[in-house]
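First comes the structure, then the notes that go with it.
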Ligand code: ADP
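Numbering (the numbering used here), first residue to last: 30 to 529.
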């Protein structure tokens with residue numbers, strides 16, 4: 030149980046598991062936007078608060094600046110451009126109030142860049158050469174937020190309005206720095222609350238991701254269970270998991286495979302049954318013949334001879350069946366091992382016909398060969414010989430007296446065609462689809478009489494398919510048959526694992 034659990038956990042956390050992927054996707058999609066939102070909202074809020082604070086302080090400083098002006102604080106000596114004013118107590122109190130309120134420092138600087146008032150009393154009388162101050166004298170007041178050191182620095186112009194020519198003159202600048210501790214405090218509280226919310230959200234999302242990833246992958250587990258049941262032999266039913274289109278596709282493909290395997294199994298069983306039956310028939314005949322001889326005491330020699338003849342022909346038949354079966358099995362086994370060579374097909378046909386002529390003569394059948402052109406093709410000699418021999422032999426076997434068999438050979442740029450037509454008994458239409466089946470015979474007793482095993486065309490068709498060719502038949506019962514074999518001139522190898 031522990032190994033199963035460990036296996037489950039391992040597959041969950043290895044990225045090869047669909048469940049793990051769904052889990053991680055939900056987690057990422059749920060958490061990242063939350064974190065980004067918190068970060069975005071808080072930094073935006075901080076910016077707004079800083080802007081608001083700067084605006085408030087600026088307003089207050091502008092009011093104080095106006096007080097300074099109305100108290101003639103800036104009395105400028107034209108030659109030296111230095112301020113000599115002294116801050117009245119009330120203004121100092123106002124400046125100090127601001128610096129206390131915002132935990133900061135205010136310096137008043139005159140147009141000669143001299144500090145004339147400093148709430149820290151440190152820089153009074155000193156000259157300040159700061160870019161911000163100079164810019165402010167030019168009319169560009171600014172602020173700078175230094176988050177790392179925790180302060181906001183701003184410049185506020187003190188503007189004197191001349192009523193006569195309606196002009197403004199900047200006579201001084203207030204350089205103020207205030208602490209941002211209060212802002213940071215608020216942000217910190219908000220951040221903490223947001224983190225708590227986020228943690229709760231993460232717990233919720235993790236739970237949801239676990240539940241969803243388990244639910245979404247459940248149909249796939251059901252497929253595995255169902256396949257395992259079929260594998261273990263508990264069930265023979267077709268599988269059905271209609272939850273998703275994908276599972277339907279997988280299950281359909283599996284059911285089709287199962288159907289094919291069953292059909293294959295069934296055909297194998299049938300084949301074994303047929304083989305046993307076919308092999309048993311001659312044996313039974315032999316036993317009956319031998320038994321009847323044994324039962325007769327003093328049986329005459331002629332009877333012995335007659336029965337022995339029958340026994341020999343039954344043994345021959347058994348032998349033929351076994352030879353054909355071996356040829357068939359060998360063909361199945363060596364599907365990948367064709368011994369392909371470039372061969373003159375005309376010569377091969379001549380040779381085969383020469384071998385079969387005595388049989389044809391014996392049955393009084395005329396054997397004609399018509400070749401349209403010289404054909405050379407890449408074929409397996411043994412298997413092509415089998416194809417040709419079987420077809421011509423059948424055409425002779427299933428012929429009529431004084432009949433004929435015509436063998437034609439032709440080729441185009443891709444294929445060569447080997448055609449065997451006869452004036453024989455023909456094949457009934459409903460049997461045409463069965464003639465390539467193993468042990469199928471149209472007329473069992475007739476075929477048996479002329480030494481047929483019902484395996485010849487099965488072997489022929491297999492050999493044709495191995496050459497990537499096709500075999501077709503046209504036949505009219507009572508008139509004759511015509512078998513056509515079409516094989517590529519150049520052999521194309523079959524991919525490993527592919528069967529013919
Ligand atoms: P067999 O060994 O019995 O000849 P085959 O597989 O070669 O087996 O042929 C299957 C059956 O097809 C035969 O039993 C026969 O009835 C029929 N058949 C094959 N070739 C011909 C033909 N040329 N003319 C008529 N019937 C044929």
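For every residue, glycine included, the Cβ atom is placed at its ideal position computed from N, Cα and C. Computed from a predicted structure; not experimentally measured.
The three-state reading of DSSP puts residue 201 in strand, counting E and B together. Look at residue 297: its beta carbon is at least 7 angstroms from all of the heavy atoms in the ligand ADP. Excluding sequence positions up to five before and after residue 490, its CB lies within less than 7 angstroms of the CB of 465 and 500, all in the same chain and listed in chain order. Assigned with DSSP and collapsed to three states, residue 96 falls in helix.
With contacts defined by Cβ atoms closer than 8 angstroms, residue 133 and residue 143 do not form a contacting pair.
Going by C-alpha positions, residue 185 is about 11 angstroms away from residue 164. Pairing residue 83 with residue 46, the inter-Cα distance amounts to about 55 angstroms. In the three-state scheme derived from DSSP, where H, G and I count as helix and E and B as strand, residue 393 is classed as coil.
The shortest C-alpha to C-alpha distance from residue 147 to any of 122, 372 and 167 is the one to 122.
In this structure, DSSP gives residue 494 a helical state, which the three-state scheme calls helix. Residue 56 has its alpha-carbon roughly 52 angstroms from the corresponding atom of residue 126. Straight-line spacing of the CA atoms in residue 75 and residue 226 works out to 19 angstroms. For residue 354, the shortest separation between its Cβ and any heavy atom of the ligand ADP does not lie below 7 angstroms. Around the CB of residue 92, fewer than 16 other CB atoms lie within 10 Å, so the residue is classed as exposed. In the DSSP annotation of this structure, residue 401 is not part of any alpha helix (DSSP H), being labelled neither H nor E. Partner residues in the beta bridge of residue 444, as assigned by DSSP, are 517. Three or more Cβ pairs closer than 8 angstroms define a contact, and the region 438-453 meets that threshold against the region 507-518.
Within the same chain, Cβ atoms closer than 7 angstroms to the Cβ of residue 432 are found at 394, 451, 452 and 453, the five residues on either side in sequence being excluded. Under the DSSP assignment, residue 257 falls in the alpha helix (DSSP H) whose first and last residues are 210-261.
Of the candidates 240, 246, 290 and 234, 290 places its Cα closest to the Cα of residue 259. Put simply, the region 422-429 does not touch the region 491-498. Fewer than three CB pairs are less than 8 angstroms apart. With fewer than 16 other CB atoms across the displayed protein chains lying within 10 angstroms of its CB, residue 160 is exposed. Taking residue 242 as the centre and dropping the five residues before and after it, the same chain places the C-beta of 48, 51 and 52 closer than 6 angstroms to its C-beta, in chain order.
Relative to the ligand ADP, residue 507 has its C-beta separated by 7 angstroms or more from all heavy atoms.
Counting only residues of its own chain and dropping the five nearest sequence neighbours on each side, residue 208 has a CB closer than 7 angstroms to the CB of 131, 132, 133, 179 and 180.
Between residue 145 and residue 204 a beta carbon distance of about 11 angstroms is seen, past the 8 angstroms cut, so the two are scored as non-contacting. Residue nearest to residue 382 within the set 367, 435 and 408 is 435 (criterion: CA-CA distance). In the structure shown, the three-state DSSP call for residue 137 is strand. Annotation: the continuous alpha helix (DSSP H) that includes residue 119 extends over 118-130. If you look at residue 310, you'll find it in the alpha helix (DSSP H) that goes 274-324. Taking C-beta atoms as the reference points, residue 418 and residue 396 fail to come closer than 8 angstroms. Fewer than three beta-carbon pairs drawn from the region 248-255 and the region 230-237 are found closer than 8 angstroms, and the two stretches are therefore not classed as touching. In the three-state reduction of the DSSP assignment, residue 371 falls in the strand class. Secondary structure of residue 512 (DSSP, three-state): strand.
The three-state secondary structure of residue 85, taken from DSSP, is helix.
Ranking 408, 423 and 182 by CA distance to the CA of residue 392 puts 423 first.
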